[in-house]
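**Q** If you scroll down you'll find the structure; I have some questions about it.
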């Protein structure tokens, strides 16, 4: 039937068979037009639902919480992108990636023109995979768009033919990369300096950091954060101390005049529409709980503004409060929606809290407008602004229970400056949030109880006020001048002052060190100092100890600032020492005394000399926390030679530095713990051995050093004759051919991705590592000048400041500076190069150095084309016989070179030559095959 054999595209021309249609296509294609194209276009325009950035879910992070995240893209302290270390987020990212590749695998029939602000599927230029991209700008000719990849934070200009609409089946997950800026600071000069950007990027690159959310802006799309750096310092502090930033100005506290004006405006807003409305004047606040000096009970903190303004609830009343909440919910669900309810300021009603949509007892504080009020929640102490529609009248029975929120302030403390610092508020919040505390009422002042707050769960028990004072966040406060009401409250109980007992003059110092379990269990570690695989320091990845270490830093700072008495350090005893890097004080152990003092910073592992003026005595209290740095060594490996190579050190650092490690102790010695170490599921010792950078203890290494030609080469078929593609020539003894068909391209792409990751990791370590100078013939990593990407290469010639290399998988050559060269590991050399090493048969008859004219003749003949026949393969190089084509005489190049040498010897009989088959001439690069022009793909 002709109906079954019509052209599928135009649906017009009939064919008797598929063969017939194939034969006719050359002629038919010029007149064939798709009849479905235009209707398809109209259909797409009709059903297309564009997805905009505002349509995506918002990242939900609670203000004041800490998260672990990695910095994936850093532009400046004012703009960078983080990816939280969350299994749910990583799972969502994997889902998005899979769906994008699946739905965009087929080419599009038409060019899609996106809108600014739209989230599309965009093909990334580096790997040609599809990702979610936000269209930030669109060129005037609508041919290119500037794209922000919202799950990774990087940007690029993309042609619109690599942009497609986001498929409807892809869920509108929030951007996986959070756009952030450092809170509380602004650049000194209006823009962040280049020096600042580089310094901060070095601190954050490749690290998993602790991030605290300070505030969310622009509807939760941008986050103001601070980052905790190593050794306990915040990034905002680092920027201020180094002069990169200034503190951001904040709004001043309103004067009493402004407060009176706001109260007056509130009353006006209430009265303006209150005629004939239920003003709720009968509902007055319930009585507060009765308290007396000397009372002691357990509480939880429900609201915190400062050490002087804390709201707590009694733990023993938890059941009563829960019962009240159930009654409030039942009352508000059954009561009809009010139409004329406009409660007066200071009266009580039911209010629906915006965060959990539950009903609570609330007091009307003020009218911010005619239809919105500010309410205070009587049983929890917090407040917020709500619409009048979220209020309900309350019943008399619901007012019978006393107010459960108790206002109090810490006794005996006052701010160090004019007001409480942000650091103080953060430290206090960490100490009291989500904990059951014991409260002891010691007095009253201005209607609030003055209390001692004890954390009984800590060991030893901690007085919160004393902690703030010892950390330098607060100063001791004199007793307040009591008012008449305060005196009446104080009369209920009087606490006699205890006599001050001075500490012994020479209290012995006792300290301990953190220990790893030796029973075979696995423990999480973080590396702090990496010397080599046989000596490095780690800390147990314990958030509690990490928090205690941060608090200890504040205590050390206060102690050393107040300690002015002369101190004579003793070898083997602890002290306080100023770290030269950041000028902060840390715990240290004295190792040696000379003009300077050699110390080890016991919580991190650094050993160095410090000036005697930068040493202070230490107190027993500052030694309560065990020393955090644990000396370790990697079991199952030892260096190939007498010491670790620079390449092995770089590889070890890239595996361990900044990574979350899993360790198991196999033995313990005076040198520390011998551990089996895993990084991201990879056994570190096995990785070093497989990369041929280490050996099993006692084993004889195959090589004690990486040979000059440490890479494998392709063995060409024996006796095969072909026309070679010459990549580079050093001499007849060594030249390179390009044989791309010999290598699996998919495996090559995998190696290229590993290479990029390897180079990115070790570049961050170069400041502390001296690299050996490469020699001609050595394999290396080289950064290509055209695209700044890293590739496998072979050194051809080494100059004073640069070297000539050939890119081993592409065949092109160039000169690059030493700064763009990195060592390469053995595991990246397992896949054979796409260039192969060759030598000319009969080279043993040539002198050590060929005359320049003979070398030029050899290169010229290769450029003009030759035929090659494989004679043998000696394990590292192919031995070739090279002949000229028949039309050029068909001579052998070996014979031509020997004839040329003989002619020179006859013309200059005084010259003598020395034959050495193992030497090669100076490098000369010959481009026989055209090099890539747009990088390596």
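Numbering (UniProt numbering), first residue to last: 1 to 937.
Every residue gets a Cβ at the ideal spot worked out from N, C-alpha and C, and that includes glycine.
In this text the structure is predicted, and so the values were computed from the model without any measurement.
(1) In angstroms with no decimal places, state the Cα-to-Cα distance between residue 123 and residue 140.
(2) Please report the distance separating the alpha-carbon of residue 647 from that of residue 632.
(3) Taking only runs that begin and end inside the stretch 56 to 82, name each unbroken beta strand (DSSP E) of 3 or more residues, in chain order.
(4) Could you give the DSSP three-state label for residue 530: helix, strand or coil?
(5) I believe residue 295 touches residue 441 by the beta-carbon criterion, under 8 Å. Please report the beta-carbon distance rounded to the nearest angstrom.
(6) Output the residue ranges of the beta strand (DSSP E) runs that lie fully inside the stretch 652 to 705 and measure 3 residues or longer, sorted by chain position.
(7) Leaving out five residues on either side along the sequence, give the residues of the same chain with a beta carbon under 8 Å from the beta carbon of residue 38.
(8) Which whole-angstrom value describes the C-beta separation of residue 215 and residue 81, a residue pair presumed to lie in contact below a C-beta threshold of 8 Å?
(9) Based on Cα-Cα distance, which residue from 731, 874, 907, 861 lies nearest to residue 888?
(10) Based on Cα-Cα distance, which residue from 724, 360, 725, 476 lies nearest to residue 415?
(11) As a quick exercise: from 676, 697, 677, pick the residue whose alpha carbon is nearest that of residue 640.
(12) Look at the alpha carbon of residue 305 and the alpha carbon of residue 425, and state the distance between them as a whole number of angstroms.
(13) Going by beta carbon distance, what residues of the same chain come within less than 7 Å of residue 146, once the five residues before and after it are set aside?
(14) The beta strand (DSSP E) that contains residue 539, what's its start and end?
(15) According to DSSP, what are the bridge partners of residue 589?
(16) For residue 56, I'd like the list of residues in its chain whose CB is within less than 6 Å of its CB, leaving aside the five on either flank, ordered along the chain.
(17) Would you call residue 31 buried or exposed, if buried means 16 or more other Cβ atoms sit within 10 Å of its Cβ?
(18) Where does the unbroken beta strand (DSSP E) through residue 130 begin, and where does it stop?
(19) Any contact between the stretch 335 to 348 and the stretch 308 to 327? By contact I mean 3 or more CB pairs, one from each, below 8 Å.
(20) Return the chain-ordered ranges of every alpha helix (DSSP H) run that is complete within the stretch 865 to 915 and spans a minimum of 4 residues.
(21) Among 865, 869, 693, 580, which residue has its Cα nearest to the Cα of residue 884?
(22) Does DSSP put residue 644 in a helix, in a strand, or in coil?
(23) Kindly indicate which residue of 854, 674, 169 has the alpha-carbon position closest to the one of residue 895.
(24) What first and last residue would you give for the alpha helix (DSSP H) that runs through residue 22?
(25) Taking the alpha helix (DSSP H) that residue 614 falls in, what are its first and last residues?
(26) Please work out which residues of its chain come closer than 8 Å, Cβ to Cβ, to residue 736, disregarding the five sequence neighbours upstream and downstream, and give them in chain order.
(27) Among the candidates 870, 199, 518, whose CA atom is the shortest distance from the CA of residue 675?
(28) In chain order, what residues of the same chain lie with their CB nearer than 6 Å to the CB of residue 309, ignoring the 5 residues before and after it?
(29) Secondary structure at residue 9, three-state DSSP: helix, strand or coil?
(30) Could you have a look at residue 170 and say whether DSSP puts it in helix, strand or coil?
(31) When we look at the beta-carbon of residue 491 and count the other beta-carbons within 10 Å, is it buried (16 or more) or exposed?
(32) Applying the 10 Å Cβ sphere with the 16-neighbour rule, what's the burial state of residue 465?
(33) In its own chain, which residues sit with a C-beta less than 8 Å from the C-beta of residue 571, not counting the 5 before and 5 after it?
(34) Residues in its own chain within less than 7 Å of residue 913 by CB, not counting five upstream and five downstream?
(35) Can you tell me whether residue 272 is buried or exposed, with buried defined as 16 or more other CB within 10 angstroms of its CB?
(36) Report back the beta-carbon spacing between residue 283 and residue 348 to the nearest angstrom; my notes put them in contact at under 8 Å.
**A** The structure says:
(1) 21 Å
(2) 21 Å
(3) 66 to 76
(4) strand
(5) 5 Å
(6) 660 to 669, 672 to 679
(7) With a pLDDT of 40 at residue 38, under the threshold of 50, the modelled position of this residue cannot be trusted; read the value that follows with caution. Nothing listed; no residue qualifies.
(8) With 8 Å as the limit, residue 215 and residue 81 do not qualify as a contact, their Cβ atoms being about 17 Å apart.
(9) 861
(10) Each of 724, 360, 725, 476 was checked against the Cα of residue 415, and the nearest Cα belongs to 476.
(11) 697
(12) 8 Å
(13) 136, 137, 155, 157
(14) First-last of the beta strand (DSSP E) with residue 539: 535 to 540.
(15) 574, 600
(16) Taking residue 56 as the centre and dropping the five residues before and after it, the same chain places the C-beta of 172, 174 closer than 6 Å to its C-beta, in chain order.
(17) exposed
(18) Boundaries of the beta strand (DSSP E) harbouring residue 130: 130 to 138, taken from the DSSP string.
(19) no
(20) 893 to 907
(21) 865
(22) coil
(23) When the alpha-carbon of residue 895 is set against those of 854, 674, 169, the nearest one is in 854.
(24) 18 to 28
(25) Counting along the chain, no alpha helix (DSSP H) covers residue 614, and no H or E run does either.
(26) 726, 727, 728, 729, 794, 806, 811, 835, 836, 837, 838
(27) 518
(28) No residues qualify anywhere along the chain.
(29) DSSP places residue 9 in coil when its eight states are reduced to three.
(30) coil
(31) For residue 491, the predicted structure reports a pLDDT of 41, less than 50, and the residue's modelled location is therefore unreliable. A value from the coordinates is still provided. Label assigned to residue 491: exposed.
(32) buried
(33) 590, 591, 592, 593
(34) Its pLDDT being 39, under 50, residue 913 is placed unreliably by the model, and nothing is read from it.
(35) exposed
(36) 5 Å
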